[in-house]
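Here's the structure we're looking at; comments come further down.
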Amino acid sequence: MRWNHLILLPLLALAACVPSKPEPVPQPKPQPAPPAVVEAPKPVRPTGEWIDWPLAPGTWVYRTDARGSLALFGPAGANATVTLRCDRSRSRIYLSVNGSGHSGTFLIRTSSTMKAFEPVQASNEPPYVAAEIMPRDAILDAIAYSRGRFAVEVGGLRPLAIPNWNEISRVVEDCRS
C-alpha cells in the first residue's frame, strides 16, 4: 500500500499545480451609438413654368388680432404654410413661408411681374421665413390680381404655387387704410 501512496503523492502534487479558473474580466458597458446625422432632402423644384405648378394644398383663413389683420394659408389643423400679416404698428406687410434654412432671396412671382426681397427669419418655433413689404408696394396688387395663383420661392425651401383668394386683398386694404 505504500507503493500506492508513493504513486498518488506525485499525482496529487501535480494536481495542485493546475491553475484555478480565472475570474471573469468585467466587460465594458456598450456605449450607445451616436445618433445618425440625417440631412433633410433638398427641396425638389417643380418642373415647367411656375404657372403650371400644382397648387399647394390648403385654404385661406382671414383673422384679426392686436397687431392687425392676417391671412393664413395651409391645410386645416396644421401650421400655416403661408401667412400674410399686416403689422399696423410698423406699417408693414409680412409674407411668411413655413420653413428654415433659407438662403438667397425671397422671390414672389405673379402673372404680371416678379420681385425679390431679402428674407428675414420671422419666427423660430414654428420656423417661418418672411419678406417685409411696404403696404403700397405694387407687388401686393400684382398678387391680388394674378391669374388664380402666385408663386413664392425662397432659396433652400420648396417653391410654392399659392392660390390668390380675397383674404389677401382684405389684409392689404386693412394695412393701407
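In mature numbering (1 follows the signal peptide of the UniProt record, and there is no 0), the protein residues as written are -15 to -1, 1 to 162. Note that beta-carbon positions come from the ideal geometry of N, C-alpha and C, so glycine has one too.
| Query | Result |
| --- | --- |
| Roughly how many angstroms separate the alpha carbons of Cys160 and Gln16, rounded to a whole number? | 58 angstroms |
| Going by DSSP, name the residue or residues bridged to Gly53. | Asp50 |
| Considering only the alpha carbon of each residue, which of Ala115, Asn109, Thr95 lies closest to Phe102? | Ala115 |
| Look at the alpha carbon of Glu117 and the alpha carbon of Pro20, and state the distance between them as a whole number of angstroms. | 38 angstroms |
| Mapping DSSP to helix, strand and coil, what is Glu138? | strand |
| Name the one or two DSSP bridge partners that Ile147 has. | Phe135 |
| Tell me the residue span of the beta strand (DSSP E) that contains Asp72. | 67 to 72 |
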